Amino acid sequence: MSEPRSTAQHRRRRSRTALAVGVPLALTAAGTFAYGGDLGVLGSTALQASAATAAAPAWAADTADGFASVNSLGQNGTYGGRGGQVVTVTTQAELEKYATATQPYVIVVAGAIAMNPVGKEIKVQSDKTIVGRGTAGHIVGGGFFLGQGVHNVIIRNLTIRDAYQGIWNDKDHDFDAIQMDGAHHVWIDHNDLRHMADGLIDVRKDSTNVTVSWNKLSDNNKTFGIGWTENVKTDITIHHNWIRETEQRNPSTDNAAHAHLYNNFLEDAPNTSIGSSYGNYSRGSTKMVLENSNFQGIKNPVIKDSGATIVQRGNVFSGTSGRNESGGSAFDPKAYYSYSLDKAADLPSILKSGVGPRPGIGTTAVSTRAAAATTLTVAQDGSGQYRTVQAAVNAVPANNPSRLVIAVKPGTYREPVKVPSNKPHVTIQGTGGSRKDTTIVYNNAAGTPKPGGGTYGTGGSATVAVEADDFQARNLTISNDFDEKANQSLSGHQAVALRTAADKVFLDGIIVSGDQDTLLLDTAAKDKLGRVYVSNSYIIGNVDFIFGRATAVVDRSVITLKKRWDGTSAGYVTAPSTAANRKGILIANSTVNGDVSAGTFYLGRPWHAGGDASLDPQTTVRNTSLSAAVKSTPWTDMSGFSWKDDRFAEYKNSGVGAGGASGNRPQLTDAQAANQEVGDWLAGWTPSAS
């Protein structure tokens with residue numbers, strides 16, 4: 039940007055139906071995912087229920103871990119619809135047709151399906167995989183029911199939401215997200231379940247061999263009930279779930295033969311309307327093993343009945359109160375299956391970026407293009423084809439028709455890099471074990487003199503400039519280390535690390551680091567659409583450091599605030615310059631923090647580039663943890679333009695820096711928020727790693 043800146047217990051209930059959710063996804067390490075194939079972007083008219091005619095995508099072969107992987111009741115593990123046709127659905131009728139069929143299916147939910155009537159629960163039959171396509175698969179106002187004897191079902195990568203009927207402890211509307219009555223071998227994985235009328239997950243009536251993993255469960259009274267039976271038969275594994283802003287059943291586990299809970303993060307954020315009444319509850323004759331979980335702010339974090347047992351190991355408790363109980367002997371989970379534990383203290387960062395639906399999963403194309411993609415290697419020591427990243431970019435053919443991967447070996451590459459508009463489908467990927475191992479860095483600023491005269495300007499200062507569509511970057515650091523302190527005489531300290539001016543840009547698992555104007559998310563022209571999806575990444579800066587006119591999503595990432603060159607704390611996270619009738623910057627499911635003073639950073643201000651009054655800047659920050667650094671009035675004016683004349687809002691943020699609705703702090707209503715989801719921003723594009 040070129041213009042200057044200023045400095046209780048649950049009761050047994052009647053039988054009923056319920057919702058089920060999910061999508062397959064392979065997690066190879068915390069924050070690192072094995073993606074399926076390349077995604078063909080299909081228009082809405084083409085997204086009719088359609089069977090795959092070739093081999094199934096790689097993710098369709100994923101199988102469950104935990105108790106869902108144990109052979110019993112005539113079922114050998116849980117693999118869902120593997121081997122059946124892969125079908126894509128966009129309507130309730132299509133979803134019901136395939137989910138209730140007797141033969142195996144892999145069902146890809148490719149958009150938001152609003153259930154009619156509200157509370158409708160589709161009766162899923164055996165041998166099914168139901169998976170959301172990337173982050174686009176939503177079930178709104180309903181869910182799934184798995185009845186007696188239904189088995190071998192996988193539910194992954196879906197968002198199931200918004201069956202809430204306005205009654206907090208709702209006894210009349212039994213609208214869950216997922217319910218099982220007598221089912222077995224079920225895997226519920228990487229879903230986002232929230233805001234339902236009753237519970238989120240119910241595992242009832244001797245349902246067994248169930249694994250619930252890597253889900254976000256939030257914004258609900260009752261989270262997760264297990265039992266409703268006098269028998270002691272249920273075997274269940276619950277691991278790597280983020281349970282936040284829920285009152286009870288977190289979970290409540292009644293008469294479970296073996297309940298293994300590990301690496302879950304239970305959070306009751308301060309200063310919100312929802313308070314926890316209890317956390318993990320071992321009821322009846324349950325035998326529970328509770329390992330390496332993290333409890334923050336939870337009342338009565340661990341409780342048990344007199345006849346139940348709980349063995350606790352390695353758990354962390356912060357700001358908790360009330361009952362925290364253990365006792366009795368339980369069982370050894372490793373006698374049933376193998377597993378590994380993350381440190382409890384690391385869970386907030388691991389799970390905030392790792393739970394819920396993931397991009398690249400549920401794509402209907404077979405994973406052949408990624409395997410067949412041309413790869414160019416870069417290594418400073420001469421062991422690759424090229425010694426510089428730019429040399430590899432130069433070798434990409436003009437109008438390159440398919441994916442080309444530039445694999446960059448670990449090292450620090452001090453060079454500016456430009457991917458021109460005639461070189462689409464390029465991936466720049468670090469090959470080290472960490473995104474810190476491979477760094478592309480340079481130190482131009484807006485006011486830096488160019489060799490041929492003039493200065494670079496803000497856009498020209500970028501260390502990496504991307505002008506080509508369908509660009510991807512992953513597992514590396516992109517930095518601008520311009521030294522403001524040493525260049526006080528220079529006019530123009532804006533120093534961009536990464537500039538994008540293209541459509542369908544996917545930045546996954548990277549670090550973007552700078553000071554002022556770190557990440558410029560632009561479009562090729564004012565009338566051009568430029569969509570950018572940033573996930574599982576770190577963005578570091580201090581002044582307007584996420585800015586531009588792109589339709590951009592920062593999802594499941596960490597935004598790190600840093601002090602100015604002189605040690606002061608003051609800054610602005612976003613400066614959107616959105617064109618009218620387009621979407622601007624969406625920050626979702628993320629964390630804003632940093633080693634800066636309290637109350638010193640704005641979330642954003644409107645950038646009317648060049649004084650253009652026709653622009654309509656937009657930033658929405660939702661479902662994000664805000665540190666004390668965020669001002670209580672988080673938006674401010676810029677260059678004579680009032681933020682109140684543009685589009686700035688929040689929705690259900692948490693943390694010390696969050697606040698309630700006021701004239702200076704607009705909050706979206708639930709209805710407004712339903713139209714400001716990640717999928718709304720991406721508008722039919724599902725980012726797919728390749």
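Counting in the working numbering, the sequence shown runs from 39 upward without gaps. Backbone N, C-alpha and C fix where the C-beta goes; we use that ideal spot for every residue, glycine too. Remember, it's a predicted structure, so these values are computed and weren't measured experimentally.
Practice prompt. Use the C-beta contact count for N432: other C-beta atoms within 10 angstroms, 16 or more gives buried, fewer gives exposed.
Written response: Exposed, since its Cβ has fewer than 16 Cβ neighbours within 10 Å.
Worksheet item: Alpha carbon to alpha carbon, what distance is there between T272 and K372?
Response: Looking at the two C-alpha atoms, the distance is approximately 17 Å.
Practice prompt. Give the straight-line distance between the Cα atoms of E715 and A562, rounded to the nearest whole angstrom.
Written response: Using only the alpha carbons, I get a separation of about 24 Å.
Worksheet entry | For D292, the residue or residues it bridges with in DSSP | R321.
Worksheet entry | Coil, strand or helix - E159 by DSSP | Correct three-state label for E159: strand.
Worksheet item: Using a C-beta cutoff of 7 Å, does F585 count as contacting chain B?
Response: Given the protein chain composition of this structure (a single chain), no chain B is represented.
Worksheet item: Which partner residues does S663 have in the DSSP bridge list?
Response: Bridge partners of S663: T629 and S692.
Item to complete: Within the region 478-563, note down every full beta strand (DSSP E) run reaching 3 residues or more, in order along the chain.
Response: Positions of the beta strand (DSSP E) runs, each at least 3 residues long and wholly inside the region 478-563, are given as 502-504, 510-512, 515-518, 536-539, 543-546, 549-551 and 557-560 in order along the chain.
Practice prompt. State the CB to CB distance for the pair P395 and N195, rounded to an integer number of angstroms; the pair is presumed to be in contact (CB under 8 Å).
Written response: Between N195 and P395 the Cβ distance is about 4 Å, and since that is below 8 Å, they are a contact.
Worksheet item: Under 7 Å, do T477 and T450 count as touching if we go by C-beta distance?
Response: For the pair T477 and T450, the CB atoms are nearer than the 7 Å cut-off.
Practice prompt. Drop a sphere of 10 angstroms on the beta-carbon of E268, count the other beta-carbons inside from all chains shown, and report buried for 16 or more, exposed for fewer.
Written response: Counting Cβ neighbours within 10 Å, E268 comes out exposed, since fewer than 16 surround it.
Worksheet item: Nearest CA to the CA of D708: which residue from Y202, L133, V144 and A94?
Response: Minimum Cα-Cα distance from D708 among the listed residues Y202, L133, V144 and A94 corresponds to Y202.
Worksheet entry | Limits of the unbroken beta strand (DSSP E) element including N432 | N432: not part of any beta strand (DSSP E); member of the alpha helix (DSSP H) spanning V427 to N432, first to last residue.
Worksheet entry | Alpha carbon of R441 to alpha carbon of V464, nearest angstrom | When rounded, the distance between both Cα atoms is 6 Å.
Worksheet item: Would you report the Cα separation of R120 and P397, rounded to the nearest angstrom?
Response: Going from the Cα of R120 to the Cα of P397 covers about 20 Å.
Worksheet item: Would you report the Cα separation of Q186 and T140, rounded to the nearest angstrom?
Response: Between the alpha carbons of Q186 and T140 lies a gap of roughly 15 Å.
Worksheet item: Does the count of Cβ pairs from the region 540-556 and the region 583-600 closer than 8 Å reach three?
Response: Output reads yes: the region 583-600 touches the region 540-556.
Worksheet item: Could you check where the beta strand (DSSP E) with P386 kicks off and where it finishes?
Response: That residue, P386, is in no beta strand (DSSP E); its alpha helix (DSSP H) goes L385 to G392.
Fill in: Beta-carbon separation (whole angstroms), K669 vs G637, contact threshold 8 Å
About 5 Å; that satisfies the 8 Å criterion.
Worksheet item: Thinking C-alpha only, which one of S320, T606, R199 and T126 is nearest N713?
Response: Ranking S320, T606, R199 and T126 by CA distance to the CA of N713 puts R199 first.
Worksheet item: Buried or exposed: which applies to T138, given that a residue is buried once 16 or more other Cβ atoms fall within 10 Å of its Cβ?
Response: Counting of Cβ neighbours within 10 angstroms places T138 among the exposed residues, the total staying below 16.
Practice prompt. Give the DSSP-derived three-state secondary structure of V59 in the structure shown.
Written response: Because V59 sits at a pLDDT of 27, beneath the cut-off of 50, its placement in the model cannot be relied upon, and the point is left open.
Worksheet item: Are F679 and P644 touching if we call contact CB-CB under 7 Å?
Response: Their beta carbons are under 7 Å apart, which means F679 touches P644 by this criterion.
Worksheet item: Looking only at its own chain, which residues have a Cβ that is under 6 Å from the Cβ of E305, when we skip the five neighbours before and after it?
Response: Around E305: R282 and Q334.
Discussion item. Considering only the alpha carbon of each residue, which of L255, Q526 and L328 lies closest to A483?
Written reply: Of L255, Q526 and L328, the residue nearest in Cα terms is Q526.
Discussion item. Less than 7 Å between the C-beta atoms of G609 and F639, yes or no?
Written reply: Against a cut-off of 7 Å, the Cβ pair of F639 and G609 comes out as a contact.
Item to complete: Starting from the C-beta of N154, find all residues in its chain whose C-beta is less than 7 Å away, skip the five residues before and the five after it, and write them out in chain order.
Response: If the five residues before and after N154 are omitted, its C-beta is found closer than 7 Å to the C-beta atoms of Q130, all from its own chain and listed in chain order.
Worksheet item: Ends of the beta strand (DSSP E) at L231?
Response: Start and end: D230 to R232.
Worksheet item: Terminal residues of the continuous beta strand (DSSP E) containing E285?
Response: W280 to Q286 is the extent of the beta strand (DSSP E) around E285.
Practice prompt. Spatial neighbours of R685 within its chain, please: CB distance less than 8 Å, with the 5 preceding and 5 following residues excluded, ordered by chain position.
Written response: The residues are T616, G622, D654, P655, Q656, T657 and T658.
Worksheet item: With respect to the alpha helix (DSSP H) encompassing Q710, which residues constitute its N-terminal and C-terminal limits?
Response: Element bounds for Q710: D708 to A712.
Worksheet entry | Host alpha helix (DSSP H) of V716 (start-end) | Per DSSP, V716 belongs to the alpha helix (DSSP H) from V716 to L720.
Discussion item. Let's see if you can read the secondary structure: which residues bound the beta strand (DSSP E) around A137?
Written reply: Following the DSSP letters along the chain, one finds A137 in no beta strand (DSSP E) but inside the alpha helix (DSSP H) bounded by residues Q130 to A137.
Discussion item. Do W225 and A307 count as a contact pair if the criterion is CB distance below 7 Å?
Written reply: A307 is not a Cβ neighbour of W225, given a cutoff of 7 Å.
Item to complete: State the DSSP-derived secondary structure class of K566, mapped to helix, strand or coil.
Response: Reduced to three states, the DSSP call for K566 is coil.
Worksheet entry | Rounded C-alpha distance that separates D519 from D593 | Rounded to the nearest whole angstrom, the CA to CA distance from D519 to D593 is 25 Å.
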